[in-house]
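Contents: one structure, followed by commentary.
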DNA sequence: CCGCTCAATACTGTCGACATTGCACACCGT
DNA sequence: ACGGTGTGCAATGTCGACAGTATTGAGCGG
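Chains as they are written, first to last, in the UniProt record's numbering: chain U, 1 to 241; chain P, 1 to 241.
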């Protein structure tokens, strides 16, 4: 499972990635296109942590030389989306169950201030858009489209940070979200969680709209702590090594 | 001031960087050595945001081909330590006064949870080490060695995160600190600030030692908010564009 | 049958070269 | 004298090649 795979196996694993690639390579330079393709593939879990590969494999897959592939990998390594095992073999970075839980604490902190700032600075149109986003989430939830629900949920929180007006905070939240994308989705599928989540979102928006800084922070933190609790109760193991 | 510089000017600007380079190039590969050298140079403000340069300039400076330089730059761009202006010219990334203030809000959040976790999980030896670090800080302060004081202060906060036991949180704090290194130092030089800061550190350690989660969080947040206030009162502008 | 050594192999890190792209400056027309 | 246009140059993005080095597997010895 965690051993190197044959060339044929690798090719079939890469097929969906090649599809993403074909849409990109026309408009972007090779290096950026490879980077973007792999990044998307990893974040959408088209590419998972199991298989190991070499630079040359990717170069052949994409039909480019090793140079742009190397550059893409370097950037992905910097984002901790790809890692080297044993110094030489490349693989999609693994996320440990421990790290998943750890991330929630960071989100508690970050979303907490984001909510505070939003309560201070959000404008009515921004709040309206946030309500709209939350409703969208509910709609997709009814359609059982959890991928989109999860994505909208992250977007919701990013918009709160944006309404707070702190660009650096927003960028940090984005970084964290890009790790979250790789495992969340399952949390929201827990029975009842989604209803609770959108209620909590409503409460948060009310607090923000009222300009109640303390309550906004409290609700935001509580919201994320609840998500963590759900996750704690789940036995699901993350994608294999 | 913000225009490209001549080759001679650039050479003299790079001289201290070359010194850093000579210590590294023996033990590391070219790419890593260039990366590390530039990174150190930027974080220690040996290299500042003003001058603009091209890949080839750096390659000539270090006596390597453009390939390792490109790779180093790519990684530095990912860390937002280097930026491209007008798409083509490279330069050390600038930090805006706005961003400096924004960063404090993120630190309030991050150090807040870090303190909470430390209050829960810190072991006596860890607390002892924290006290030692704080005393070191005071010593260097008396010697007016503000560079070291600033560095120790960051280390102090990183150790608190470490004592909290959340590795992901620690890594995020480190990322933020690597931005802070580029401007802090001046805050602690404000008259009286240092005394207050070390007192606040003591209070924080007391709360952690007592396992008082709420108070630890409160003190930590207050500590960082005070630092922000000092910064707000300062008129100093960051290094020129 | 297992472990060790050594050789063949596969992969990486670095280089110089080339095509392409964007920029600056001079030239031309008004 | 000024704006637009075109040409030349400089810098980037990409490539294939090569040398150095870890890895794998075969053959040998215990």
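Even glycine gets a Cβ: it sits at the ideal position worked out from N, Cα and C.
A quick note: this is a predicted structure, and the numbers were derived from the prediction, not measured.
- In the displayed model, residue 65 of chain U falls within coil according to three-state DSSP, outside both helix and strand.
- The bridge partners DSSP lists for residue 126 of chain P come to none.
- With respect to the 9 Å criterion, residue 43 of chain P and residue 74 of chain P are not classified as neighbours on the basis of their beta carbons.
- Look at residue 8 of chain U here: in three-state DSSP terms it is helix.
- Under the three-state reduction of DSSP output, residue 95 of chain U falls in the coil class, being neither helix nor strand.
- Between the region 94-103 of chain P and the region 56-71 of chain P, the count of C-beta pairs closer than 8 Å stays below three; the two stretches do not touch.
- Looking only at P:123, P:198, P:112, P:186, the smallest Cα-Cα distance to residue 232 of chain P is reached by P:186.
- Boundaries of the beta strand (DSSP E) harbouring residue 84 of chain U: 82-85, taken from the DSSP string.
- For residue 226 of chain P, the uninterrupted alpha helix (DSSP H) segment begins and ends at 213-233.
- Going by DSSP, residue 166 of chain U is part of no alpha helix (DSSP H) at all; its letter is neither H nor E.
- Straight across, the Cα-Cα distance linking residue 87 of chain P with residue 163 of chain P is about 43 Å.
- Within its own chain, the residues whose Cβ lies closer than 6 Å to the Cβ of residue 203 of chain P, once the five positions on either side in sequence are excluded, are 219, listed in chain order.
- Per DSSP, reduced to three states, the secondary structure at residue 47 of chain P is coil, with no helix or strand assignment.
- Across the set P:118, P:39, P:126, P:130, the C-alpha of P:39 shows the shortest separation from the C-alpha of residue 91 of chain P.
- A straight line joining the alpha-carbon of residue 77 of chain U with that of residue 83 of chain U spans about 6 Å.
- Within its own chain, the residues whose Cβ lies closer than 7 Å to the Cβ of residue 131 of chain P, once the five positions on either side in sequence are excluded, are 205, listed in chain order.
- In this chain, the alpha helix (DSSP H) harbouring residue 207 of chain U covers 193-210.
- With a threshold of 9 Å between beta carbons, residue 41 of chain U makes no contact with chain P.
- Within 7 Å of the CB of residue 184 of chain P, no CB atom of chain U is found; the nearest one sits about 15 Å away.
- In the structure shown, residue 35 of chain P falls within a helical segment according to DSSP collapsed to helix, strand and coil.
- Following the DSSP letters along the chain, one finds residue 189 of chain U inside the alpha helix (DSSP H) bounded by residues 186-189.
- The beta carbon of residue 105 of chain U sits closer than 8 Å to those of 228, all from its chain and outside the five residues before and after it, given in chain order.
- When U:211, U:216, U:140 are compared, the shortest CA-CA separation from residue 188 of chain U is found for U:140.
- DSSP lists P:53, P:84 as the beta-bridge partner residues of residue 90 of chain P.
- Collapsing the DSSP output to three states places residue 144 of chain U in coil.
- Rounded to the nearest whole angstrom, the CA to CA distance from residue 135 of chain U to residue 19 of chain U is 32 Å.
- The criterion of a C-beta distance shorter than 9 Å is not satisfied by residue 230 of chain U and residue 127 of chain U.
- Chain P has no Cβ within less than 9 Å of the Cβ of residue 15 of chain U.
- Below the 8 Å Cβ cutoff, chain P contributes no neighbours of residue 32 of chain U, its closest Cβ being approximately 11 Å away.
- Under the Cβ criterion (8 Å, minimum of three pairs), the region 138-152 of chain U does not count as touching the region 210-226 of chain U.
- Of the residues assessed, residue 182 of chain P falls on the buried side of the cut-off, its CB having 16 or more other CB atoms within 10 angstroms.
- The alpha-carbon of residue 147 of chain U is positioned some 11 Å away from that of residue 137 of chain U.
- At least one CB atom of chain U sits nearer than 9 Å to the CB of residue 98 of chain P.
- Listed along the chain, the chain U residues whose CB falls inside 9 Å of the CB of residue 62 of chain P amount to none; the nearest CB is some 18 Å away.
- Closest by C-alpha distance to residue 52 of chain P, out of P:9, P:22, P:28, is P:9.
- Residues of chain P with a Cβ closer than 8 Å to the Cβ of residue 103 of chain U are, in chain order, 168.
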